[in-house]
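K.L.:
There are 2 protein chains.
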Amino acid sequence: MKITQNIKIAVDAVVFGYHNNQIQILLIQQKFGKKQWALPGGFVLDKETLDEAVIRELKEETGVKANYLEQLYTFGATQRDERLRVISVAYLALINPNNYILKADTDAKDAQWFDIYDLPELAFDHKDIIAVGLERLKAKINYQPIGFELLNTKFPFSDLENLYQTILNKKLDRRNFRKKLLSFGILQETDQYQKVGSGRPAKLFKFNKKKYKELEQNGFHFEIKFA
Amino acid sequence: MKITQNIKIAVDAVVFGYHNNQIQILLIQQKFGKKQWALPGGFVLDKETLDEAVIRELKEETGVKANYLEQLYTFGATQRDERLRVISVAYLALINPNNYILKADTDAKDAQWFDIYDLPELAFDHKDIIAVGLERLKAKINYQPIGFELLNTKFPFSDLENLYQTILNKKLDRRNFRKKLLSFGILQETDQYQKVGSGRPAKLFKFNKKKYKELEQNGFHFEIKFA
DNA sequence: CATTTATGTGTACTGTTTACACAAAGGTAC
DNA sequence: GTACCTTTGTGTAAACAGTACACATAAATG
Numbered sequence: 000m001k002i003t004q005n006i007k008i009a010v011d012a013v014v015f016g017y018h019n020n021q022i023q024i025l026l027i028q029q030k031f032g033k034k035q036w037a038l039p040g041g042f043v044l045d046k047e048t049l050d051e052a053v054i055r056e057l058k059e060e061t062g063v064k065a066n067y068l069e070q071l072y073t074f075g076a077t078q079r080d081e082r083l084r085v086i087s088v089a090y091l092a093l094i095n096p097n098n099y100i101l102k103a104d105t106d107a108k109d110a111q112w113f114d115i116y117d118l119p120e121l122a123f124d125h126k127d128i129i130a131v132g133l134e135r136l137k138a139k140i141n142y143q144p145i146g147f148e149l150l151n152t153k154f155p156f157s158d159l160e161n162l163y164q165t166i167l168n169k170k171l172d173r174r175n176f177r178k179k180l181l182s183f184g185i186l187q188e189t190d191q192y193q194k195v196g197s198g199r200p201a202k203l204f205k206f207n208k209k210k211y212k213e214l215e216q217n218g219f220h221f222e223i224k225f226a
Numbered sequence: 000m001k002i003t004q005n006i007k008i009a010v011d012a013v014v015f016g017y018h019n020n021q022i023q024i025l026l027i028q029q030k031f032g033k034k035q036w037a038l039p040g041g042f043v044l045d046k047e048t049l050d051e052a053v054i055r056e057l058k059e060e061t062g063v064k065a066n067y068l069e070q071l072y073t074f075g076a077t078q079r080d081e082r083l084r085v086i087s088v089a090y091l092a093l094i095n096p097n098n099y100i101l102k103a104d105t106d107a108k109d110a111q112w113f114d115i116y117d118l119p120e121l122a123f124d125h126k127d128i129i130a131v132g133l134e135r136l137k138a139k140i141n142y143q144p145i146g147f148e149l150l151n152t153k154f155p156f157s158d159l160e161n162l163y164q165t166i167l168n169k170k171l172d173r174r175n176f177r178k179k180l181l182s183f184g185i186l187q188e189t190d191q192y193q194k195v196g197s198g199r200p201a202k203l204f205k206f207n208k209k210k211y212k213e214l215e216q217n218g219f220h221f222e223i224k225f226a
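From first to last, the protein sequence lines are chains A and B.
Taking numbering that gives the first Met the number 0 as reference, the numbering of the first sequence is continuous, increasing by one, and the terminal residue is 226.
Taking numbering that gives the first Met the number 0 as reference, the numbering of the second sequence is continuous, increasing by one, and the terminal residue is 226.
(1) Using a C-beta to C-beta distance shorter than 8 Å, which residues of chain B count as neighbours of D109 of chain A?
(2) On the CB-based measure, 16 or more other CB atoms within 10 Å of its CB, does V195 of chain A come out buried or exposed?
(3) Compare the Cα-Cα distances from I128 of chain A to each of A:G40, A:F31 and A:G32 and report the closest residue.
(4) What does L167 of chain A reach in chain B if we use C-beta pairs closer than 8 Å?
(5) Strictly below 8 Å CB to CB, what residues from chain A border Y90 of chain B?
(6) With a threshold of 8 Å, are at least 3 pairs of Cβ atoms found where one atom belongs to the segment 85-92 of chain B and the other to the segment 12-20 of chain B?
(7) With DSSP as the reference, please indicate the residues paired to L93 of chain A in a beta bridge.
(8) To test your reading of the DSSP string, which unbroken alpha helix (DSSP H) runs of 4 or more residues are found completely within the segment 116-197 of chain B?
(9) Just the C-alpha distance for V85 of chain B and Q4 of chain A, rounded to the nearest angstrom, thanks.
(10) From what residue to what residue does the beta strand (DSSP E) around L203 of chain A run?
(11) Which bits of chain B does N5 of chain A rub up against, with CB to CB less than 9 Å?
(12) Would you list the one or two residues that DSSP bridges to K7 of chain A?
(13) Assuming Y163 of chain A contacts L171 of chain A under a Cβ cut-off of 8 Å, what Cβ separation, rounded to an integer in Å, is found between them?
(14) Mind checking if Y72 of chain A is an interface residue toward chain B, Cβ cutoff 8 Å exclusive?
(15) Where T48 of chain A and F147 of chain A are concerned, what is the direct C-alpha to C-alpha distance, given to the nearest angstrom?
(16) Alpha carbon to alpha carbon, how far is L121 of chain A from K153 of chain B?
(17) Going by Cα to Cα distance, which pick from B:Q21, B:I6 and B:K1 is closest to N161 of chain B?
(18) Shorter than 8 Å from the beta carbon of L133 of chain B to some beta carbon of chain A?
(19) Are T185 of chain B and N217 of chain B touching if we call contact CB-CB under 8 Å?
(20) Taking 8 Å as the cut-off, does the segment 129-137 of chain B touch the segment 69-82 of chain B (at least 3 CB pairs, one atom from each stretch)?
(21) Please compile the residues from chain B whose C-beta is within a distance smaller than 9 Å of the C-beta of A37 of chain A.
(22) Please say whether E188 of chain B and F176 of chain B have beta carbons closer to each other than 8 Å?
(23) What residues in the segment 49-76 of chain B bring their beta carbon closer than 7 Å to a beta carbon of chain A?
(24) Going by DSSP in three states, T73 of chain B sits in which element: helix, strand or coil?
(25) Starting from L49 of chain B, trace the alpha helix (DSSP H) in both directions and tell me its first and last residue.
(26) Would you report the Cα separation of A65 of chain A and I166 of chain B, rounded to the nearest angstrom?
(27) Output, in chain order, the set of chain B residues within a Cβ distance shorter than 7 Å of F42 of chain A.
(28) Can the beta-carbon of Q23 of chain A be found less than 8 Å from the beta-carbon of F113 of chain A?
(29) Taking the alpha carbon of K1 of chain A as the reference point, which residue from B:K1, B:F42, B:H220 and B:D11 has its own alpha carbon closest?
(30) Exposed or buried, D190 of chain A, counting other C-beta atoms within 10 Å across all chains shown (16 or more means buried)?
(31) Between L181 of chain A and A110 of chain A, which are expected to be in contact by the criterion C-beta below 8 Å, what is the C-beta distance as a whole number of angstroms?
(32) Over the uninterrupted beta strand (DSSP E) stretch that includes Q29 of chain B, give me the two end residues.
(33) Suppose contacts are defined by Cβ-Cβ distances below 8 Å. Is D11 of chain B in contact with L44 of chain B by that definition?
(34) Using DSSP bridges, identify the partner residues of D109 of chain B.
(35) Kindly say whether R84 of chain B, judged by its beta-carbon, lies nearer than 8 Å to any beta-carbon of chain A.
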């Protein structure tokens with residue numbers, strides 16, 4: 000079988016973090032040309048799967064390890080990169096505060112977090128890729144418990160609430176939000192409280208992943224719907 | 000920039016049709032080796048986008064033109080094809096009864112429809128790809144009006160109802176289904192009736208795509224939820 | 001013309017979503 | 001230490017959406 004195809008395949012990661020009530024994205028500065036900011040990513044090696052490629056590139060370029068990763072979309076326009084034809088398989092990754100810190104022992108010195116609504120000029124079609132990633136996050140947060148991946152293991156309800164409000168960009172009723180989330184039975188109260196400045200201390204909760212998987216098996220479906 | 004990457008990129012299409020109250024899938028018989036059945040698809044040409052590649056391959060291999068097409072998932076395992084490393088971008092396609100007929104003027108003589116629950120042995124990981132496609136169809140039919148793409152332009156309500164029941168593999172209440180669908184205001188009554196054997200003739204309806212797009216713009220969201 | 005088959009229609013019940021306000025726990029400023 | 005500020009925690013009534021359910025209508029068939 001002879002195929003003369005001159006296309007290279009790469010992976011790129013849209014990595015979201017949640018910090019200071021903002022959705023942030025992890026970008027790296029290119030080392031060549033205009034030194035534009037770009038998504039972490041790179042060419043797939045002959046002997047690794049796509050998933051392996053993203054994980055490797057993320058580690059090499061930023062030092063972080065995502066605690067959620069899913070394939071997003073494959074971008075295959077003919078003029079994405081002016082140098083040669085590159086098809087890129089984009090991934091969506093979520094990082095929690097523990098993994099948020101960029102380890103300096105790698106190439107990570109060129110990596111930086113940006114507010115999703117205040118992005119620099121981006122290389123290639125990376126702006127489009129980010130848009131698709133954000134859309135996916137917005138949609139998915141409503142029907143899969145992926146929001147927890149952006150929070151600490153133990154978190155006050157207000158964090159969860161703010162996270163949803165930030166991502167969905169709308170105000171939610173505190174009482175109804177809490178009631179709904181608790182009704183699923185996938186949140187576990189801890190006996191710890193968190194004090195931040197003034198105000199009543201907040202009870203900390205944990206996401207009970209095991210319980211969620213169990214319920215899911217039995218046909219339970221996480222779903223939030225607020226006007 | 001030098002990259003030594005020895006990977007080829009292909010596209011494959013999971014093409015669904017609806018016939019005799021069955022979900023069917025379009026497969027082609029391979030011309031080499033064990034002549035197994037496989038999804039229509041092939042290698043991407045250097046100067047075409049991924050979408051263009053699927054459309055071209057579908058036409059060449061089966062003579063059909065999908066009236067709905069969306070990217071599904073990219074399969075990048077290292078051992079998909081024993082001959083060489085191939086990464087495949089899979090697409091989901093829907094065909095309506097008008098396009099259902101395989102035109103014999105092409106390579107289509109090797110193409111055939113199969114009941115989705117009665118598949119032959121399949122090449123590569125195509126069985127997995129079909130599973131992903133079916134899952135997507137099942138999920139998406141609930142929140143996007145893609146079911147209509149599988150029906151004639153004018154259809155009786157019972158067709159729509161059977162389509163949903165077949166795809167979701169569960170019985171739906173006729174009255175509630177009709178009430179819900181009509182409540183959206185995206186179905187247009189025609190003044191035509193369809194008689195099939197005995198029984199009261201059924202009024203024919205049309206999907207009003209323009210109206211749907213209009214409503215969608217104003218924040219309307221197609222959504223079906225039945226126990 | 002009696003029987004069979006498929007279409008077409010309404011209502012009461014149940015569960016879910018929404019809107020909404022005040023008490024409790026702690027901090028801060030005087 | 002007390003008045004005030006800030007944040008957390010909680011219930012209920014009204015509106016809406018989903019569910020369960022049965023009989024009349026239009027045609028074909030024998």
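Every residue gets a Cβ at the ideal spot worked out from N, C-alpha and C, and that includes glycine.
P.N.:
Concretely, from the data shown:
(1) Ordered by position in chain B, no residue passes the 8 Å Cβ test against D109 of chain A, which lies about 18 Å from the chain.
(2) exposed
(3) A:G40
(4) The premise fails here: L167 of chain A is roughly 14 Å from chain B at the closest Cβ pair, so nothing lies under 8 Å.
(5) Residues of chain A passing the Cβ test: none, with the nearest at roughly 10 Å.
(6) yes
(7) A:F15 and A:Y67
(8) 125-139, 156-167 and 173-182
(9) 12 Å
(10) A201 to F206
(11) D45
(12) A:V85
(13) 6 Å
(14) yes
(15) 27 Å
(16) 47 Å
(17) B:Q21
(18) no
(19) Note that residue 185 of chain B corresponds to Ile in the displayed sequence, not to Thr. No, Cβ-Cβ distance for I185 of chain B and N217 of chain B is not below 8 Å.
(20) yes
(21) Under the 9 Å cutoff, chain B gives no residues; its nearest Cβ is about 14 Å from A37 of chain A.
(22) no
(23) L49, Q70, Y72, T73, G75 and A76
(24) strand
(25) L49 to T61
(26) 35 Å
(27) I2 and Q4
(28) yes
(29) B:F42
(30) exposed
(31) Rounded, the Cβ-Cβ distance is 37 Å, inconsistent with contact.
(32) Q29 of chain B -> no beta strand (DSSP E), and no H or E assigned at all.
(33) no
(34) Paired residues: none, contrary to the question.
(35) yes
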